[in-house]
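Q:
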Amino acid sequence: MRASVLLICTVFALVAASGKRGLGIGSPFNASTDFKPFQATKAVSWYYNWSLKPLQPAPKCIEFVPMQYNGNGIENLEKTLLALKANRVLGFNEPDQPASVGGTSMDAQTACNLWMKYFVPLKTKYGIKLGLPAVSAGGLSWLNNFLIACPNHKADFLPIHWYGAPFWGVYDFLWSFHGNHPNIPVWVTEWAINDVTDYPTMANGLSSTATYFDGLDWIERYAWFGSYRANQNWANAELSATGALTAVGSTYVNTPFNNTITLSKTVCPSSSPIVVNGPYSHLFFVLRSQQAGSHRQSWLPFRKNLPRGCQQ
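The sequence shown lines up with residues 0 to 311 when you count with numbering that gives the first Met the number 0.
1. Once you ignore the five residues that flank residue 74 on each side, which residues in its own chain have a CB closer than 8 Å to its CB?
2. Between which two residues does the beta strand (DSSP E) containing residue 226 stretch?
3. According to DSSP, which residues form a beta bridge with residue 56?
4. Alpha carbon to alpha carbon, what distance is there between residue 190 and residue 230?
5. With a 10 Å radius around its C-beta and 16 neighbouring C-beta atoms as the bar for buried, classify residue 41 as buried or exposed.
6. Going by C-alpha to C-alpha distance, which of 183, 253, 212, 246 sits closest to residue 198?
7. For residue 22, which residues of its own chain have a beta-carbon under 7 Å away from its beta-carbon, when the five flanking residues on both sides are left out?
8. Could I get the ranges of all uninterrupted beta strand (DSSP E) runs contained in the segment 100-183, with 3 residues as the minimum, in chain order?
9. With H, G and I counted as helix, E and B as strand and the rest as coil, what does DSSP make of residue 46?
10. Output needed for residue 154: all residues of its chain with C-beta closer than 6 Å, excluding positions within five of it in sequence on either side, in chain order.
11. Does the distance from the C-beta atom of residue 133 to that of residue 108 stay below 8 Å?
12. Does residue 20 come out as helix, strand or coil in the three-state DSSP assignment?
13. I need the straight-line Cα distance from residue 170 to residue 18, nearest angstrom please.
14. Using only CA atoms, which one of 126, 182, 31 lies nearest to residue 217?
15. Note down the Cα distance separating residue 146 from residue 71, rounded to an integer number of angstroms.
16. Taking residue 257 and residue 213 to be in contact with their CB atoms under 8 Å, please state how far apart those CB atoms are, rounded to whole angstroms.
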């Protein structure tokens, strides 16, 4: 196996930051009762529900971030956001995917035309922060086409989605996106582990990934999928059928969170190298998910030496 040398360098900085952890609220969800379990700690600071309409009643301490799900009614977007006094808005949901799997099936040029007409004025006139259309894990080419068509998009952050297994595959996916788009913060607005039907296993993956996201300065916010009452044989729901926290929900609420401390930009306090043995896909300290299964044991001895934000 080939040995490579990585210069590991980082510093920590105290900064004022809003909470990263949020709720992706689906159905069923009873707003009058189901927000309460998530307020047991101050971990959750925002929510969205794939629409422009906030849930009622909702706690004032949890920010609502509206979404223009597709092109329907987009001519009313400005009026709606002003009425909401919104500071941020999410763009189209999975335009790279067909409606049959929850996407909005929109070609990049059409999305760009709507974006320039209806989203960009929100930024230039009112300073509303814009989240690019959120593509699926297979949507990188769609996103690239959109950015080529819309070089003056003026977006402030990039929402992305990931579903897969094993859970550490999300790390390589995120670093790949960040490597292609290093100058824009990322929001992970949907993520979960596929093919898991027991809550303890799902909760373990959730805890590991949420902690990892908190350690990366370029991940601005994230929301697990999903915040709703369990209604299927997939152990991702944060609420039980009766509205109590599941093991996943309890983990999401109680995993230590980072609302005030984040990583600064990288600097090199030392030239001492860490020698990493074994194949890996790029120099982002993360193995590709397809390699991780067979090489995870060789990865573990050095991961504890990596700075926060480079571990798992």
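Ideal placement from N, C-alpha and C gives every residue a C-beta, glycine not left out.
A: According to the data block:
1. The beta carbon of residue 74 is closer than 8 Å to those of 117 in its chain, skipping five residues each way along the sequence.
2. 218-226
3. Its beta-bridge partners do not exist; DSSP assigns none.
4. 18 Å
5. exposed
6. Cα-wise, what sits closest to residue 198 is 246.
7. Within the same chain, residue 22 has close Cβ partners 37, 43, 46, 222, 226.
8. 128-130, 157-163
9. strand
10. 129, 131
11. no
12. strand
13. 20 Å
14. 182
15. Answer to the nearest angstrom: the Cα atoms are 22 Å apart.
16. 4 Å
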